[in-house]
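The structure appears right after this line, and notes come after that.
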């Protein structure tokens, strides 16, 4: 039976066709038919000369019919999933488009033909004027110029078969679609616009290379010449055929894979957010999740629509493997196959699944991530985790979704495996070898082993900003008083505008709080004071702004003063932050410069922490570097003292340049016995100490900078001076030599002040020696 044209209802259902449209529209039909014939002509090289004899097509006038209307052509027009369009090559004005092209781009057909609608591709496709499209267009034009003006055929047709991907905003889909377009320019003819047709902008001889007795086009030069074309010098005639296919799913899968193979961990919030967005688009899903195996438990991470977490934080929930026994997650892992759960509400076996169902999850598509171990067969391996795609609709996922999920399995498994290794990726070079060993073990699915360095010597020192807390409190007080006085001006202006007992009480409250701020500033004042303003003043600002010009101006001044990322007056605190930041930056730069040379003495672990000043913690020993010796230890201790003296000089130079600066004290804590350090993955610190005597050292570290001289009751650290804290005579004998060396080099003064330190919460017997750093 002949194929009939779809009914009006079907046209409406297909989203882009309207009643009254007929394929018999002459302009559309003839353009399409001439296109088909042209394609047949191209297939037969023997008829090439005949093709050149064809009359030039007038883009506004239909050519003579060359074929009868056929049933397959009508079927192709309505039902093909290819996007087909014929455009005028100079203006990209659409002459003809098949039904799917019109539906996808939102063209509403009428009885008139597309030529009369005056639709241009850049209007339909905002990305049409991209660099990629322009480059491909120029490539086709260059080949045509060589053919029609210089009678040179480019042998490689691959140059004309390159596609370009364009993003299309379609009324059929909630998100843009990616369409891969191919140009077919064989029917086009090109001529030079100027009368001197031979004086063109190409030096063809440079494009030709010798190939035996013949001359061929140097294809490597075409990319250069196409960018130098002056498009305005040429006139195109004929029709340009566009053929497109929807590659959104394919490109989205590639984008996900590219994200997965990046160096950043997939469990960092910003990257997880990006992957979640792509997964939602590919699977038309609500959210995604990742279950990561951690020893005898699994940690659940769920994506969200908003990127409301910091780049380093991702909220998670922990479930024991026992709690997940019998779950769909472990069933997918056991089978190592993608698992489709059509309706989770009908089969919730565990608390984890019930929790997801309560949150609205109905369909679930699970991707098990299994990594191969050294002793495993091809089919089996070590479970690293499970990726879940979630939908709030039952029976949402189909076999095509399962196929997409299977394509993503290897990339997800590799990414999660690398995430385990990246836990140890930003490690100090001196201890990196041990972490790489452990990462390699875990990547093969072997049980974890503790990372411990035994018998290492600790070298601790700090450069502390004296009085920073007082300076901070003063800055807080200054800003809060300024903001409360601005608030008081608003209330006073409102009180002048209208009599109000409530407004008078607000005024008295502000006056009382101002007096409290003047008298004393507490740690919590910064939070409580701003909360009072928000709850007792700022909620009325919109109304106060209507209470006369004076009140309106006062409100505007208040809002401008608080118009920053802190939402409050932040002038004095900003100066304080900049001052602290400048000191910390100089101290850190100085220390890191010395660290380069210190690492040449012997590789060692060094951690720097910036707060109000900088603290450094060095660990060195044979378990870190097998070449370690007593000579290396003493060389490193002396170099540590020299580096701290240079830090003191750096701050003195800064104080000389600035009229007023904060004072900085410098201290070194000596311990001549070794300790044991271990890596604990559950804490933010890279290393923790082990054992009672080692913990004693940590306690001293935290409290020593505020220690007092037992005799004078003054702080043992003083600005511009180096203080050494020790506990045994042997330690003092060694460091007394170092102080002599420093004095001989001109780093410190030869006068030494010494004394005993007051007990630090049960820790007694500590002594100190202090010298002035020479500037």
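Numbering (the numbering used here), first residue to last: 9 to 783.
Positions of the beta carbon are idealized from the N, C-alpha and C atoms, including for glycine.
None of these values were measured; they are calculated from a predicted model.
- If you ignore the 5 residues before and after residue 643, its C-beta comes within less than 8 angstroms of the C-beta of 609, 610, all in its own chain and listed in chain order.
- Residue 128 carries a strand assignment under DSSP once its states are collapsed to helix, strand and coil.
- As computed with DSSP, residue 466 is found in a beta bridge with 627.
- Looking at the DSSP output, residue 775 bridges to 734, 764.
- No Cβ-Cβ contact shorter than 9 angstroms links residue 299 with residue 293.
- In this structure the segment 488 to 507 does not touch the segment 584 to 604; the number of beta carbon pairs closer than 8 angstroms is below three.
- The criterion of a C-beta distance shorter than 9 angstroms is satisfied by residue 135 and residue 175.
- Residue 490 carries a helical assignment under DSSP once its states are collapsed to helix, strand and coil.
- When secondary structure is reduced to three states using DSSP, residue 615 falls in the strand class.
- In this chain, the alpha helix (DSSP H) harbouring residue 536 covers 533 to 544.
- For residue 246, there is no enclosing alpha helix (DSSP H), since its DSSP letter is neither H nor E.
- Here the alpha carbons of residue 753 and residue 629 stand approximately 28 angstroms from one another.
- Where residue 398 is concerned, the enclosing beta strand (DSSP E) starts and stops at 390 to 399.
- In this structure, 648 is the residue among 648, 406, 767, 124 with its C-alpha nearest to the C-alpha of residue 600.
- Within the same chain, Cβ atoms closer than 8 angstroms to the Cβ of residue 602 are found at 647, 650, 651, 654, the five residues on either side in sequence being excluded.
- Cβ atoms of residue 267 and residue 305 stay farther apart than 8 angstroms, at about 26 angstroms.
- Residue pairing by DSSP places residue 671 opposite 474 in a beta bridge.
- Counting along the chain, residue 293 sits inside no beta strand (DSSP E), nor does DSSP assign it H or E at all.
- Collapsing the DSSP output to three states places residue 325 in a strand.
- With a cutoff of 9 angstroms on beta-carbon distance, residue 624 and residue 728 are scored as not near each other.
- A Cβ-Cβ separation of about 7 angstroms places residue 725 in contact with residue 472 under the 8 angstroms criterion.
- The C-alpha of residue 583 is placed about 56 angstroms away from the C-alpha of residue 171.
- Residue 301 places its beta carbon less than 9 angstroms from that of residue 393.
- Nearest in C-alpha terms to residue 96, of all of 122, 670, 566, 460, is 122.
- Secondary-structure assignment with DSSP links residue 107 through no beta bridge to anything.
- Taking 9 angstroms as the cut-off, the beta carbon of residue 492 is found closer than this to the beta carbon of residue 522.
- The closest CA to that of residue 715, considering only 672, 682, 463, 769, is found on 769.
- Relative to the Cα of residue 706, the nearest Cα in the group 466, 501, 507 belongs to 466.
- Less than 9 angstroms divides the Cβ of residue 683 from the Cβ of residue 464.
- Taking 9 angstroms as the cut-off, the beta carbon of residue 731 is found closer than this to the beta carbon of residue 674.
- Counting along the chain, the unbroken alpha helix (DSSP H) around residue 606 starts and ends at 580 to 609.
- Less than 9 angstroms divides the Cβ of residue 291 from the Cβ of residue 373.
- Look at the beta carbons and you see the segment 244 to 257 touching the segment 186 to 203: at least three pairs across the two are nearer than 8 angstroms.
- Collapsing the DSSP output to three states places residue 348 in a strand.
- Short of 8 angstroms from the beta carbon of residue 89, and not among the five residues preceding or following it, lie these beta carbons of its own chain, in chain order: 108, 253, 254.
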